[in-house]
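> Our numbering applies: residue -15 is where the sequence shown begins, and numbers increase by one.
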Amino acid sequence: MLRMTLPGKGCADITFVPVKNGFLYLVAIMDWASRKVLSWQLSNTMHADFCVEALNEAIAKHGPPEIKNTDQGSQFTGSAWIATLTEAGVRISMDGRGRYLDNIFIERLWRSLKQEAIY
């Protein structure tokens, strides 16, 4: 099990947000030590560009992390995401298939957001 206890380690994930005529997709870039959301973006599509935009914003504001953990979604395995992390010198970590608990802090963020503000 990978333990994240120091600053410079973080995660990213996407969730859907129900709206009147469908869904919007929300990506968050989080620091694991502080549990702070460093950057976020909304999109009406699941294309990778809004994820890369959020990642670039987080790196510009807070510097590159040592390691970034995500699930194996296409947005996080695509060339644009991988290139952005590689060029910034960030080590890439990915959850095992179906292992949502590997990214528990951001999953808890989604639960709180949806229970407190959406549903």
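Ideal Cβ placement from N, Cα and C applies to all residues, glycine included. Since the structure is predicted, the reported quantities are computational estimates derived from the model, not experimental observations.
#1: Which residues in the same chain have their Cβ closer than 8 Å to the Cβ of residue 104, if we skip the five residues on either side of it in sequence?
#2: If we ignore side chains and look at the alpha-carbon of each, how far apart do residue 0 and residue 6 end up?
#3: So, helix, strand or coil for residue 75, using DSSP?
#4: Please give me, in chain order, every unbroken run of the beta strand (DSSP E) with length at least 3 that falls completely inside the segment 8 to 53.
#5: Counting along the chain, where does the alpha helix (DSSP H) carrying residue 90 start and finish?
#6: Quick one: using the 10 Å Cβ neighbour count with 16 as the cut-off for buried, is residue 2 buried or exposed?
#7: Compute the Euclidean distance between the alpha carbons of residue -15 and residue 100, then round it to the nearest angstrom.
#8: Under 8 Å between the Cβ atoms of residue 79 and residue 40?
#9: Have a look at residue 70 and residue 77 and give me their C-alpha separation to the nearest angstrom.
#10: Residue -6 lies in the beta strand (DSSP E); which residues open and close that run?
#11: Please classify residue 29 as buried or exposed, where buried requires at least 16 neighbouring CB atoms within 10 angstroms.
Taking the structure as given:
#1: Nothing about residue 104 can be reported from this structure: the residues present for the chain run from -15 to 103 only.
#2: 10 Å
#3: Here DSSP, grouped into helix, strand and coil, assigns residue 75 to strand.
#4: 21 to 27
#5: 88 to 97
#6: exposed
#7: Only weak support exists for where residue -15 lies, its pLDDT of 49 falling under 50; the coordinates are left without a value.
#8: Their beta carbons are not under 8 Å apart, which means residue 79 does not touch residue 40 by this criterion.
#9: 12 Å
#10: -7 to 3
#11: exposed
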